[in-house]
Amino acid sequence: MAGTAGSNRAVGKLNIMNVRNNINDDSNACLQGGTTAVLPTLTILGCGKVGKTLARLWCGRHTARKHKVKFTAPHQVFQIRDVMNRSHISAQQACDFIGDGRAVTTYAELDSADIYLITVGDDHIAGCCADLAASGRLTSNNIVFHCSGALSSLALIGAIQQGAAVASIHPIRSFANPQQVVQDFTGTYCGIEGDTAALAVLAPAFDAIGARCVVIQRDKKIIYHAAAVFASNYLVTLIEVARQAYVEAGLPSNIALQLIAPLLSESAENAFSLGPATALTGPIARGDMTTVARQYDALQQEMPDVAALYRQFEILTLALAQKKV
Numbered sequence: 022m023a024g025t026a027g028s029n030r031a032v033g034k035l036n037i038m039n040v041r042n043n044i045n046d047d048s049n050a051c052l053q054g055g056t057t058a059v060l061p062t063l064t065i066l067g068c069g070k071v072g073k074t075l076a077r078l079w080c081g082r083h084t085a086r087k088h089k090v091k092f093t094a095p096h097q098v099f100q101i102r103d104v105m106n107r108s109h110i111s112a113q114q115a116c117d118f119i120g121d122g123r124a125v126t127t128y129a130e131l132d133s134a135d136i137y138l139i140t141v142g143d144d145h146i147a148g149c150c151a152d153l154a155a156s157g158r159l160t161s162n163n164i165v166f167h168c169s170g171a172l173s174s175l176a177l178i179g180a181i182q183q184g185a186a187v188a189s190i191h192p193i194r195s196f197a198n199p200q201q202v203v204q205d206f207t208g209t210y211c212g213i214e215g216d217t218a219a220l221a222v223l224a225p226a227f228d229a230i231g232a233r234c235v236v237i238q239r240d241k242k243i244i245y246h247a248a249a250v251f252a253s254n255y256l257v258t259l260i261e262v263a264r265q266a267y268v269e270a271g272l273p274s275n276i277a278l279q280l281i282a283p284l285l286s287e288s289a290e291n292a293f294s295l296g297p298a299t300a301l302t303g304p305i306a307r308g309d310m311t312t313v314a315r316q317y318d319a320l321q322q323e324m325p326d327v328a329a330l331y332r333q334f335e336i337l338t339l340a341l342a343q344k345k346v
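Here the sequence shown is numbered in the working numbering, starting from 22 and rising by one per residue.
Here it is in structure tokens:
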């Protein structure tokens, strides 16, 4: 079946060795006009913060940080072809940041490319891919991929139906400040899944800009993304819950955050160095269930929504405490 995990479908005329040779070539020939294999071309659809950051990294026109030392990217991985956004201004701004590419706003303006990166919002990925397929530009020679954390490569059904190889590659980090990400992208973990032919090109391309690629299961990708939500988004929510509880206890908000900071950082450091079960402290770890019951009753009276959350954490923490050595 086209687009299934581990598919060995070929990518037609796209020479995978071109990518590998350029990635392994430290001569910088691509940037200095030397003779080398022709670079695969990349077009970006919906080029926001993620798309333009990756494109700039692949262009090799950046100074990055590796082991706290600045270094200049040794070579270019892809040639940027078109950058398509809804407005010409935003497309041109993306090109300016990348240092390459042609700003376009419609599918009719697109030139053919080897690889298409779709970095629109999750709700628009399938539609964008369908429109790209309808434009007649996709064949079995192409690779199409997206960077969503929640969606698998099967969201690219339009490309799959045209025989293109598909993948999803999710950099596990915030892209709020693209300039900063360009400088310190090295070491970024990326969850990858998709067709073998697509990953044979894309994994080395991400490796070349310092990524650490981790293969994930296509059918479990939504759970993979939920894990990231727990570790990032919900952690922020938990900080806010703790702040509210301190304020309810009579402390000023700014003092509450100052109390939370060392507790949070020390607990996280211990969990990463010792493992969650060994790092667990507090009343449940000590078996002080009387205190736990009193805390729940107080929260139930003053902060019932938080009490419900406390009870769920109590259940999960009891299970974790059972693993404590």
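Glycine is no exception: its CB is placed at the ideal position from the N, C-alpha and C atoms.
All values reported here derive from a predicted model rather than from experimental measurement.
Buried versus exposed call for tyrosine 245 [16 or more other C-beta atoms within 10 Å across all chains shown]: buried
Own chain, CB closer than 6 Å to glutamine 343, minus 5 neighbours either side, in chain order: none
Own chain partners of phenylalanine 227 with C-beta closer than 7 Å, once the 5 adjacent residues on each side are dropped: Ile190, Cys211, Cys234
Run of the beta strand (DSSP E) containing cysteine 234, from where it starts to where it stops: 233-236
Enclosing beta strand (DSSP E) for proline 192 [first to last residue]: 186-192
Coarse secondary structure for glycine 179, derived from DSSP in three states: helix
From Cys68, Ala185, Trp79, residue whose alpha carbon lies closest to that of serine 161: Ala185
Sequence-distant residues of the same chain with beta carbon closer than 6 Å to alanine 147, five excluded per side: Ala176
Three-pair Cβ contact test at 8 Å for the stretch 197-204 versus the stretch 245-255: no
Beta-carbon proximity list for proline 297, same chain, < 7 Å, skipping 5 on both sides: Leu341
Exposure of leucine 75, with buried meaning 16 or more beta-carbon neighbours within 10 Å: buried
Residue nearest to cysteine 80 in terms of C-alpha spacing, selected from Asp132, Leu285, Phe99: Phe99
Beta-carbon contacts of alanine 112 that lie in its chain and below 8 Å, excluding the five residues immediately before and after: Cys68, Val104, Met105, Asn106, Ala124, Val125, Thr126
Residue from His167, Ala134, Ser133 whose Cα sits closest to the Cα of cysteine 149: His167
Collapsed DSSP secondary structure at alanine 124 in the structure displayed: strand
Glutamate 287 to isoleucine 65 span [Cα, whole Å]: 41 Å
Beta-bridge pairing of methionine 105 - partner residues as DSSP gives them: Leu66, Val125
Pick from Glu269, Val71, Ile101 that is closest to leucine 63, judged by C-alpha positions: Ile101
Status (buried if at least 16 other CB within 10 Å, exposed otherwise) for glutamine 238: exposed
Start-to-end residues for the alpha helix (DSSP H) that takes in asparagine 196: The question names asparagine, but residue 196 in the sequence shown is phenylalanine. Counting along the chain, phenylalanine 196 falls outside any alpha helix (DSSP H), and DSSP gives it neither H nor E.
DSSP state of glycine 170 mapped onto helix, strand, coil: coil
Span of the alpha helix (DSSP H) around glycine 81: Note, glycine 81: premise wrong, no alpha helix (DSSP H); not H, not E.
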